[in-house]
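J.: Please see the structure below; I have some questions.
Put into structure tokens, the structure is as follows:
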């Protein structure tokens, strides 16, 4: 059956479209359009699930019958169109069209489609063989691979014979596409490719042996090797016989295409063949793989060394018996002139060691390695070559030798390293030797060898031990001693104390402080192991705990210390916070700041080491408190701009990146097993750092993801911890992007909890009467810099202020021009002072100037406070609109009048005009975006705000623009009399109507409206339509107004589906009962009759009901009998 069945059968099968071949003419060109809409026209017109290529073909297929015109040639031509879309269609929607079309062809015309599509994909595969693989190529190959699996799966369901006939071609194309995918290296893409292949093989498919046979007969290539590995992985668990029969040939292919070649394929392709290597037995490895590796390393070692390491990593064998045969070539290349060869050889030594369990094999490899170091292959004179050999010796520590044999092996390894330390004099090589030796010493679990203890004691005091070498010695000690062996380090206390004392004496020397830092860490470990109250470490504790001097956590040291010291700083701080909180007391801020500095370091390697120390903080209550303290300190540093995200760090701030900041926050909040209460506290502390602009732009849902990771429901969390969140984000709100982002997230999660308090705070700010009382003089005084007078009339001989005041009264004199005039006056005054010299004033004049200065300073302070209130209110509105525009827009009826009222304030107008215009985006759909902007602009112009407007807004006369905009609104919302009754009217939503109503109100009460009744009629028709018109409207303005009022009364009548009138709205009607106009009183009485069910009774509101009855009783004696 077709997956997309036709829903309509054509009633006349004999009726056929003429000349179907003509229909698909130029289809190859049309299908390549970049417009998604046109693709839909070609592929999506008749039925949603029957995907085709041309409009006319869609009609043919959509009618659901076979036509003689649909010939084999036609189907083949349609199949050839499919590959054209491979590189053109990059979006999921377009590719879904093509997948559906391929399924349709396979379902309806399998015999033609399977063969043609397989051949077309083979042509595409030939092109992919010649391409250099990139991310783009890899994803395109995945799309083509998906088509091939659709052919395999759907073709098998319909006709199995077709798949068997085309199996070889399908396998070849799938091998090429799969190789391109794995060469890209993206794990998710690779896994998706494997899933597609596994899902495409039916459960009753019995052609596995045939597949292996066909793959063997194909030209041996990396693609074939990868496909063989996939087949082996599929059968390794359920059919070992098939695997054992095929592994030999598969291994020969792998050797030929990966080892016995001049230029091996990419490493990712070889890693895809690990399933094949995993099935190799030791005898097969010795017979086939080992000779090939040895031959390749002799012929072309620089090119093949990476492949050797990857092959060793892929096998699941104990290679102790052949370790020297492989290791000799690797060790020889550890001092190669080519840097990549040295790195690959060292990596090969590591992979080889992981496959060795015999201690003697490791001993032989170590002996051979240090022989090379000592000159068996020629004296090593270049430091990099020596370090390459030492790196190989260190990597042999990754062995699988049994624990009981490990101490003896470590002791022998130490002997080799100690000889190097005794003979070497080069500082860099000595430091590197100690670092490599620590790879082995970190494995010591029982007793530290005597030779090693001796070198720890005497090494730092040798003449060759520079400050850096001493640091390396202590770092090696830190990695050597653990909880079981820490007591042995007691003999090193005198040496370590000297390092700490030296650091205290030389606090400005980074090397001395670094040495003291490492020594302090080791001494703290010894202190915990000895478990004695007095163990002679009081001087060390005094130095470490002195938070006034901050020896090891000072900003200067953190800036100047080498990057490998930062993880030790983080470890020291975390040790003190976790283990010794009583000794620190309340002075933890320097420690927290130091941890943040280390955890945010830009370089990934250093940062990850520091983060590993942070992860070690337990998930218990004490650990959670430390994490909360870190998040709080991070919030302070971010708000004070103490963290720099640019390379320029002139202020000695912490330098970091957005990625590092996100990683640090995630690490702090990723603990497992946190209690519900601790989890609540943790996510509340993380809300502001998670919404820092750089973090929020990169990961907008980070806070929500963290909340869910800690097994909390974000919406319920907002409700449960509402008081804390409101206090943090509303009561202590700051006008910045971080708070806006945080509040927008809470609004999107639970507006019912947040919005009422937000609106209350907004009304409290915007209803401040002081805002509307600000005069122009007050505003310009606010703009005048501190220490300078705006009103210079108190200064004798300065009459320029009078001229300024005269100009300020002119409407043509804009605010911008006034500011420019003020700046010019200041410059002229400065020049005059320089020319005339210092002016002397009498005591009376000085007193007048002083009083005026105090007065203006008071005005400036008051307006600064009000400006902060206005800015916070605007920021709150933006946050709410960003988080949940729908919920906020439901309150525009109350919010927008406050905004428009404050446009008469010179201080608020410049900001509120922009805000009002931005709010149009929250209520109008995309297709009415331009109309929404026009409504906003004309509303602002009609309000005559006390600020300069965009010159482009005022190019069109206001009356003409008013008529034009109202006409556009009318055309979109009010039906025409000549149109059909069942027409669809695009009425505005309630929020959009609330946004538009001020414009309609100002328009209908304007001077222009008094002389143009048609204009008033247009506006009233708009209001009537949105009040659910139920009758024919009168053509006269007065009658239209009354009809509009009655329609509105119906909408608030309290009947089902209608709102209920508020007391304010009832007051309007009661006031209208006292109107001098007869029709007005009549309309008010009619409206009251409609809303009777909304009127309060004596039980609801006695006082109001009494007043209502009095008004109605008086109306009974109206002079007009009809009333």
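Numbering (the working numbering), first residue to last: 759 to 1881.
Here a beta-carbon is modelled for each residue, glycine too, at the ideal position from N, C-alpha and C.
#1: Among 905, 1750 and 1063, whose alpha-carbon lies nearest the alpha-carbon of residue 856?
#2: I believe residue 1412 touches residue 1349 by the beta-carbon criterion, under 8 Å. Please report the beta-carbon distance rounded to the nearest angstrom.
#3: Can you name the start and end residues of the alpha helix (DSSP H) that residue 1305 belongs to?
#4: Could you pull out every residue in the same chain whose Cβ sits closer than 6 Å to the Cβ of residue 802, ignoring the five residues on either side in sequence?
#5: Could you give the first and the last residue of the continuous alpha helix (DSSP H) run that contains residue 1055?
#6: Helix, strand or coil for residue 921, going by three-state DSSP, please let me know.
#7: Tell whether a beta-carbon distance below 7 Å holds between residue 1694 and residue 1678.
#8: Just the C-alpha distance for residue 1363 and residue 1370, rounded to the nearest angstrom, thanks.
#9: Let's test the definition: count the other Cβ atoms within 10 Å of the Cβ of residue 914 and tell me whether it reaches 16, buried, or not, exposed.
#10: Excluding the 5 residues preceding and the 5 following residue 1392 in the sequence, name in chain order all residues of the same chain whose CB lies nearer than 6 Å to its CB.
#11: Three-state secondary structure (DSSP) at residue 823?
#12: Go through its chain and collect everything with a Cβ distance to residue 826's Cβ below 7 Å, but skip five positions before and after it.
#13: Can you find the residues in the same chain that come closer than 8 Å, C-beta to C-beta, to residue 1470, ignoring five residues on each side of it along the sequence?
#14: Cutting at 6 Å between CB atoms, please list the residues of its own chain near residue 1487, excluding the five before and the five after it.
#15: Decide if the stretch 1472 to 1482 is in contact with the stretch 1413 to 1429; the criterion is three or more beta carbon pairs, one per stretch, under 8 Å apart.
#16: Does the stretch 1043 to 1061 come into contact with the stretch 1076 to 1094, if we say contact requires no fewer than three beta-carbon pairs (one atom in each stretch) closer than 8 Å?
#17: Please list the terminal residues of the continuous alpha helix (DSSP H) segment that includes residue 1442.
#18: Quick check on residue 1242: does DSSP put it in helix, strand or coil?
#19: For a minimum of 4 consecutive residues, which ranges assigned as the alpha helix (DSSP H) are wholly contained in the stretch 1142 to 1227?
#20: Mapping DSSP to helix, strand and coil, what is residue 1039?
#21: Got a sec? Which residues, its chain only, sit under 8 Å from residue 1621 by beta carbon, not counting five neighbours each side?
#22: Under 8 Å, with one C-beta from each stretch per pair, do the stretch 1100 to 1114 and the stretch 1143 to 1160 reach the 3-pair mark?
#23: In the DSSP assignment, find the alpha helix (DSSP H) that holds residue 1845 and state where it starts and stops.
#24: Once the 5 residues before and after residue 1170 are set aside, which same chain residues still bring their CB inside 8 Å of it?
#25: Apply the 10 Å Cβ neighbour rule to residue 1091 and answer buried if 16 or more other Cβ atoms are within range, or exposed otherwise.
#26: Have a look at residue 1006 and residue 1036 and give me their C-alpha separation to the nearest angstrom.
#27: With 16 other CB atoms within 10 Å as the buried threshold, where does residue 986 fall?
#28: Quick one: what's residue 1413 bridged to in DSSP?
#29: Please list, in chain order, all residues of the same chain as residue 1607 whose beta carbon is under 8 Å from its beta carbon, the five residues on each side excluded.
#30: By the 10 Å Cβ neighbour count, where 16 or more other Cβ atoms means buried, how is residue 743 classified, buried or exposed?
#31: Fully enclosed by the stretch 1651 to 1701, which alpha helix (DSSP H) runs are 4 residues long or longer?
#32: What's the gap between the Cα of residue 975 and the Cα of residue 957?
#33: For residue 1887, count neighbouring Cβ atoms within 10 angstroms of its own Cβ and tell me buried if that reaches 16, exposed if not.
#34: Using C-beta distances below 7 Å, list every residue in its chain close to residue 1636, excluding the 5 sequence neighbours before and after it, in chain order.
#35: Where does residue 1753 land, buried or exposed, given buried means 16+ other C-beta within 10 angstroms?
#36: Which term fits residue 1190, buried or exposed, when burial requires 16 or more other beta carbons within 10 angstroms of its beta carbon?
T.: Reading from the atomic positions:
#1: Taking only the C-alpha atoms, the option nearest residue 856 is 905.
#2: No, residue 1412 and residue 1349 are not in contact; Cβ-Cβ is about 14 Å, not under 8 Å.
#3: No alpha helix (DSSP H) contains residue 1305, which DSSP labels as neither H nor E.
#4: With a pLDDT of 47 at residue 802, under the threshold of 50, the modelled position of that residue is not reliable, and the figure given next carries that caveat. Its chain contains no residue whose beta carbon lies nearer than 6 Å to that of residue 802 once the 5 sequence neighbours on both sides are disregarded.
#5: Run containing residue 1055: 1048 to 1057, per the alpha helix (DSSP H) assignment.
#6: Secondary structure of residue 921 (DSSP, three-state): helix.
#7: yes
#8: 11 Å
#9: buried
#10: So the qualifying residues of the chain are 1354 and 1447.
#11: Reliability fails at residue 823, whose pLDDT of 38 lies under 50, so the model's placement of it is uncertain and no value is given.
#12: Bear in mind that a pLDDT of 43 at residue 826, under 50, signals an unreliable position, so the model cannot answer this.
#13: 1434, 1437, 1438 and 1441
#14: 1500 and 1501
#15: The answer is no - the stretch 1413 to 1429 does not touch the stretch 1472 to 1482, with fewer than three Cβ pairs under 8 Å.
#16: Output reads yes: the stretch 1076 to 1094 touches the stretch 1043 to 1061.
#17: 1434 to 1448
#18: coil
#19: Taking only runs of at least 4 residues, the alpha helix (DSSP H) segments lying wholly in the stretch 1142 to 1227 are 1164 to 1181, 1185 to 1199 and 1208 to 1216.
#20: coil
#21: Excluding the 5 residues flanking it on each side, residue 1621 has same chain C-beta neighbours closer than 8 Å at 1532, 1536, 1537, 1539, 1540 and 1665, in chain order.
#22: yes
#23: 1836 to 1848
#24: 1121 and 1124
#25: Buried is the call here.
#26: 13 Å
#27: buried
#28: 1402
#29: Around residue 1607: 1547, 1552, 1553 and 1599.
#30: The structure shown does not extend to residue 743, since the chain is modelled only from 759 to 1881, so the question has no answer here.
#31: 1667 to 1677 and 1687 to 1701
#32: Residue 975 and residue 957 have their C-alpha atoms spaced approximately 25 Å apart.
#33: For the chain, the structure presents residues 759 to 1881; residue 1887 sits outside this window and is missing.
#34: Hits under 7 Å: 1498.
#35: Residue 1753 counts as buried, since at least 16 other C-beta atoms from the protein chains shown sit within 10 angstroms of its C-beta.
#36: Result: buried.
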